[in-house]
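**Student:** The following block contains the structure, expressed as structure tokens.
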Amino acid sequence: MIESALFLLVGIVLAWFGGEMFVKGGVGLAHWARWPTAVIGVTVAAFGTSSPELMVAINAAVDGLPEISLGDVLGSNVVNIALVLAVVLAASGMKVESDGVWRDWTAALLVPGIMYLVLLDGWFSRLDAAILLTCFSAWLWLVITQARQHAKKQPAHAQRSTPYKPGFFILAGLALLIVAAHCVIRGGKGVAEALGWSPFIVGAVVVAAATSTPELATTLIARMRGHHDVGLGNILGSNVFNALFIASTVALIQPYKVNLPEIQPSLIFGVLTVLLILPSRSGMIRRWRGVLLIGLYGAYVLLTLDRNAPHP
């Protein structure tokens with residue numbers, strides 16, 4: 001237990017420094033490409049900070065335990081908003097300044113419903129994975145198309161800066177975030193095993209919280225540096241990436257049966273959390289929503305633990 005706690009501590013420290021470098025590189029890359037910072041958040045940052053979930057998913061599929069990866073993906077989507085973003089909102093609120101947020105908010109809202117429909121037959125097949133990947137490709141194409149249209153409207157001299165320095169910071173930050181996630185996952189699994197929890201609980205609660213460490217570090221640092229759109233875009237993009245791409249990757253490797261009652265809490269809370277971060281007409285997301293989201297996360301954990309009895 002002590003060794004697991006040390007891994008958790010090391011992971012948190014590395015995640016902080018990695019997030020600092022990742023945000024710095026992402027903002028620099030956005031300036032070079034003349035893309036909105038929100039687009040970097042919803043693509044580069046989101047895909048990068050979701051890499052731990054991807055590694056967990058592939059390893060779980062190869063090891064014949066896809067339930068852990070599905071629990072991680074669905075649980076991470078709840079954690080990203082009801083815990084990661086909620087902490088930032090509860091501290092100071094957030095001002096939404098990008099029109100693209102509405103596009104990504106809508107996508108994140110639709111994702112749980114799409115997943116429920118394809119899994120309604122109780123089986124995650126390769127056809128289901130193909131459907132989800134098609135939806136993901138359509139969303140990504142829309143994001144990039146709108147970003148390129150935005151770049152054409154910017155002054156040409158804005159593209160003169162070099163991409164090498166931002167690229168270095170992105171790669172170095174991503175490397176630290178991956179190592180940090182590995183440490184946190186190892187520590188979290190050790191704690192879970194010591195408590196005798198079931199595989200699904202390990203995925204939906206422990207591993208989900210652990211693999212969301214990069215999102216937490218990136219979102220907090222982006223907020224501290226005044227880059228609201230990077231943090232919010234990171235959360236929304238990660239949720240879309242987790243459900244539509246990572247979950248599909250697992251099903252392509254190994255189709256498997258799905259227990260709908262088992263995953264319903266994660267899908268329901270996934271919808272509720274996205275609804276709670278709907279920006280007002282002024283673009284503000286108030287502090288009280290963060291407090292409410294944290295309470296909602298507590299309810300999610302309790303319901304998940306209640307639905308999934310631990311091993312004897």
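Letter 274 of the sequence shown, counting from 1, is numbered 274 in the working numbering, and no numbers are missing. Every residue, glycine too, gets a C-beta built ideally from N, C-alpha and C.
Any idea what DSSP makes of W341, helix, strand or coil?
**Tutor:** Because the chain spans 1 through 312 in this model, residue 341 falls outside it and cannot be assessed.
**Student:** Distance check for F269 and L216, CA to CA, integer angstroms please.
**Tutor:** The straight-line gap from Cα to Cα measures roughly 19 Å.
**Student:** With DSSP as the reference, label I313 as helix, strand or coil.
**Tutor:** In this structure the chain extends from 1 to 312, so residue 313 is not present and cannot be described.
**Student:** Hey, L220 and V88 are a contact pair by Cβ (cut 8 Å); roughly how many whole angstroms apart?
**Tutor:** The pair is a contact, with the Cβ atoms about 6 Å apart (cut-off 8 Å).
**Student:** For L177, which option in M21, A5 and F7 has the closest C-alpha, if you only look at C-alpha atoms?
**Tutor:** Among M21, A5 and F7, the Cα nearest to that of L177 belongs to M21.
**Student:** Restricting to runs no shorter than 4 residues, where is the alpha helix (DSSP H) found entirely within the segment 239 to 280?
**Tutor:** DSSP runs (the alpha helix (DSSP H)) wholly in the segment 239 to 280: 247 to 253 and 260 to 276.
**Student:** L244 to R225, Cα distance in whole Å?
**Tutor:** Their backbone Cα atoms lie some 30 Å apart in a straight line.
**Student:** How long is the line joining the alpha carbons of I277 and A46, rounded to whole angstroms?
**Tutor:** Distance between the alpha carbons of I277 and A46 is about 18 Å.
**Student:** Near L110, which residues of its chain fall below 7 Å by C-beta distance, leaving aside the five closest residues on each side in sequence?
**Tutor:** Result list for L110: empty, nothing under 7 Å.
**Student:** So, for G231: in the same chain, excluding its five sequence neighbours on each side, which residues have a beta-carbon less than 6 Å away from its beta-carbon?
**Tutor:** Taken in chain order, the residues that qualify are T219, A222 and R223.
**Student:** Quick one: any contact between the segment 64 to 72 and the segment 248 to 264, if contact means 3 or more CB pairs under 8 Å?
**Tutor:** Verdict: yes, contact present.
**Student:** Drop a sphere of 10 angstroms on the beta-carbon of P261, count the other beta-carbons inside from all chains shown, and report buried for 16 or more, exposed for fewer.
**Tutor:** The residue in question, P261, is exposed, as its Cβ has fewer than 16 Cβ neighbours within 10 Å.
**Student:** Return the Cβ separation of T84 and Y300 in integer angstroms, given the expectation that the two are a contact with Cβ distance under 8 Å.
**Tutor:** Looking at the sequence itself, residue 84 is Val, so the reference to Thr does not match. In fact, because the Cβ distance is near 13 Å, the residues do not count as touching under 8 Å.
**Student:** Suppose you measure from the CA of E53 to the CA of L70; what does that come to, to the nearest Å?
**Tutor:** About 10 Å.
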